[in-house]
Amino acid sequence: MDTATRFSRLIGPLRRAVLRTRRADKDLPDLPEAQIELLRLLAGSGRLTPREAAARLRVAPSTVSNLVRTMSAAGLVERTPSSTDLRTVHLSASAAALGMLDRYDHISTTALRRALGSLSPRSREAIERALPALDELLVALEAEGKGE
1 MDTATRFSRL IGPLRRAVLR TRRADKDLPD LPEAQIELLR LLAGSGRLTP
51 REAAARLRVA PSTVSNLVRT MSAAGLVERT PSSTDLRTVH LSASAAALGM
101 LDRYDHISTT ALRRALGSLS PRSREAIERA LPALDELLVA LEAEGKGE
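This is the structure we're talking about:
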């Protein structure tokens, strides 16, 4: 089996294993990954219009509209009307959402640290050395997704 096939088969199970660690905190809601991606985008970018968010997430504007409707009702996303164009709103992550993301990250990072600590030193070093290459791989995949 080639590297791409092996890696492709590992990505999903690894992601789901990390997501399962969040269930350790019973006070955290089990948000769909699409909502978490939107929150991460808003947390890192500040205020965005729904169209800007859709473009950055590479999803349809209607997808962002549906996410925002659900997340606004849950108090996770705040919608602020534009001061210059009443047809436009700006989205931002609420303080509650930012706190939730911090807790998600803390739980996931703690679980990953424990799991990495259970590996042999050689395996930990191999993963650490692979991180820059994984960053490059992400950039290459994103460029491919843009049709570049």
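Residue numbering for the sequence shown follows the UniProt record's numbering, starting at 1 and increasing by one per position. Positions of the beta carbon are idealized from the N, C-alpha and C atoms, including for glycine. All values derive from a computational prediction rather than experimental measurement.
Does the distance from the C-beta atom of residue i to that of residue j stay below 8 Å?
i	j	result
A57	L38	Residue identity check: residue 57 is Leu in the sequence provided, not Ala. Contact flag set, yes.
T21	A97	no
T80	R40	no
L116	I107	no
L91	P29	no
V89	S83	no
R114	D25	no
Reducing DSSP to helix, strand and coil, say where residue i ends up.
i	result
A74	coil
L101	helix
L86	coil
A111	helix
R47	coil
R9	helix
A93	strand
P32	coil
Whole angstroms are fine: how far does the CA of residue j sit from the CA of residue i?
i	j	result
E33	D135	20 Å
S45	D2	37 Å
A17	R23	11 Å
residue 190	R87	This structure does not reach residue 190, given that the chain is present from 1 up to 148, and the question cannot be answered.
A4	A133	14 Å
Q35	S62	14 Å
S118	T109	14 Å
R9	G145	19 Å
S65	D85	18 Å
When burial is assigned at 16 or more other CB atoms within 10 Å of the CB, is residue i buried or exposed?
i	result
E125	exposed
A130	exposed
residue 165	Residue 165 falls outside the range modelled here, since the chain spans only 1 to 148, and no answer is possible.
V139	exposed
P121	exposed
A53	buried
E142	exposed
L137	exposed
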